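Report on one structure; see the data block that follows.
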Amino acid sequence: MDELKLYTYIAVFGTFALYFAIAWWARAGSTSDFYVAGGGITPLQNGMAIGADWMSAASFISMAGLIAFLGYGGSVFLMGWTGGYVLLAMLLAPYMRKHGKFTVPEFIFDRYYSKTARIVAVACLIIASLTYIIGQMKGVGVAFSRFLEVDYGLGLGIGMFVVWVYAVLGGMKGITYTQIAQYVVMIFAYTIPAVFISLQLTGNPIPQLGLGSTLADGSGVYLLDKLDMVVTDLGFKEYTTSNLGGTLNMFAYTISLMIGTAGLPHVIMRFFTVPSVQAARSSAGYALVCIALLYTVAPAVGAMARLNLMNTIEPTAGENLVYDERPQWF
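Per the numbering used here, the sequence shown starts with residue 135, numbered consecutively.
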């Protein structure tokens, strides 16, 4: 076993051990603890847990790649998914918390006294949940199979086992504290590489500022201007131009994502773990801050990674990379 693989195993299984230890320490002692963490979670803790909930396979693994591919058009996902928490904080979470209903179908039935509306809400919930969990499980399998260099099926099984252990052992209380630890691990894992690539390309250690900075080579060219020149030279559309079909389409995408985010059942459940309606509102605010730490870094990672990739393929103008001399990852 080479040294890099050994360190990878230590980091991955050490993180698993931390999650199991937290789940055991915070294990549920009652039915209320299991389902809603006894309603004793603080808004800051809940906000961090919601942030970890949202920094899932789609956000953590795919967001930067999506923005690198779509360019400016990828901003609709940032605005839509983040804006969904504004709707959640203003229109859904406080009122569901006030009514004491644990699910959207229950809330709709209690509000409108309609069994038909409740059935429609249940159908929507099932479709949304199944679609969401399929994507998450796909991401879990890919991540574990590549990090541990095992078959995809085994990677998926390992990930599901880890989640099952701390979910069954600790219930919502254990999950909450485990997700707080997950948030800290993931935000560091995401931002530290971003800091280094920002330093390499712009000399600025803050990725959010590096995105709007000039290149570190002394040319005085802004990073995004350079990226536009590189991609257009290769026959692609400008990176900073929308490719989603105009303002109306951008607006429609954003609104759809906002509404979808606000209705996710596993996120709504988190607002029952705090003691009051005001705490539920505060949780949404803290969640926005925690999520923004990642979502403001993602555009920088996407743009810088794409420019770095283009520079690797075409090191200097007019001199393409010889295929036989390609990097090992290519």
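The beta-carbon is built from N, C-alpha and C at its ideal position, and this holds for glycine as well. Bear in mind that the values here come from a model prediction, so they are computed numbers and not experimental data.
Nearest to residue i (by Cα), restricted to the options the options
| i | options | result |
| --- | --- | --- |
| residue 208 | 347, 405, 391, 259 | 391 |
| residue 278 | 389, 263, 201, 143 | 143 |
| residue 411 | 230, 178, 254 | 230 |
| residue 423 | 151, 185, 176 | 185 |
| residue 330 | 399, 314, 439 | 439 |
| residue 446 | 398, 364, 388, 372 | 364 |
| residue 342 | 323, 332, 315, 266 | 332 |
| residue 174 | 253, 183, 409 | 409 |
| residue 252 | 241, 261, 385 | 241 |
| residue 315 | 139, 148, 140, 223 | 148 |
| residue 443 | 203, 383, 302 | 203 |
| residue 382 | 166, 210, 340 | 210 |
| residue 212 | 403, 320, 387 | 387 |
| residue 75 | 157, 360, 324 | In the structure as shown, the chain starts at 135 and stops at 464, and residue 75 therefore has no counterpart that could be examined. |
Inter-residue Cα distance where the pair is residue i and residue j
| i | j | result |
| --- | --- | --- |
| residue 326 | residue 201 | 19 Å |
| residue 170 | residue 199 | 35 Å |
| residue 249 | residue 259 | 15 Å |
| residue 335 | residue 354 | 12 Å |
| residue 437 | residue 375 | 13 Å |
| residue 379 | residue 389 | 15 Å |
| residue 397 | residue 419 | 17 Å |
| residue 428 | residue 268 | 23 Å |
| residue 322 | residue 243 | 42 Å |
| residue 406 | residue 187 | 15 Å |
| residue 261 | residue 400 | 13 Å |
| residue 352 | residue 339 | 17 Å |
| residue 370 | residue 245 | 51 Å |
Close-in-space but distant-in-sequence residues of the same chain around residue i (CB under 7 Å, 5 per side omitted)
| i | result |
| --- | --- |
| residue 154 | 299, 300 |
| residue 146 | 281, 282 |
Own chain partners of residue i with C-beta closer than 6 Å, once the 5 adjacent residues on each side are dropped
| i | result |
| --- | --- |
| residue 137 | none |
| residue 228 | 411, 414, 415 |
| residue 451 | Per-residue confidence for residue 451 stands at a pLDDT of 49, beneath the threshold of 50, marking its modelled position as unreliable; the derived number appears in the next sentence. Excluding residues within five positions, none has a Cβ falling inside 6 Å. |
| residue 395 | 215, 218 |
| residue 163 | none |
| residue 296 | 150 |
| residue 205 | 373 |
Nonlocal neighbours in the same chain, by C-beta distance under 8 Å from residue i, ignoring five residues either side
| i | result |
| --- | --- |
| residue 426 | 216 |
| residue 257 | none |
| residue 294 | 271, 274 |
| residue 357 | 335, 336, 344, 345, 346, 347, 348, 349, 437, 438, 441 |
Extent of the continuous alpha helix (DSSP H) to which residue i belongs
| i | result |
| --- | --- |
| residue 192 | Run containing residue 192: none; DSSP gives neither H nor E here. |
| residue 383 | 381-396 |
| residue 261 | 249-282 |
| residue 344 | 341-344 |
| residue 241 | 238-246 |
| residue 137 | 137-159 |
| residue 325 | 286-336 |
| residue 368 | Note, residue 368: premise wrong, no alpha helix (DSSP H); not H, not E. |
Any chain E beta carbon closer than 8 Å to residue i
| i | result |
| --- | --- |
| residue 378 | This model lacks chain E altogether, as it is built from one protein chain only. |
Inset, instruction - Evaluate the contact criterion for the segment 431-438 versus the segment 232-239: three or more CB pairs, one atom per stretch, below 8 Å. - result: Contact between the segment 431-438 and the segment 232-239 is absent, because fewer than three Cβ pairs lie under 8 Å.
Inset, instruction - Examine the Cβ distances between the segment 307-321 and the segment 171-190 and report whether three or more of them are shorter than 8 Å. - result: Taking 8 Å as the limit for Cβ pairs, the verdict is that the segment 171-190 does touch the segment 307-321.
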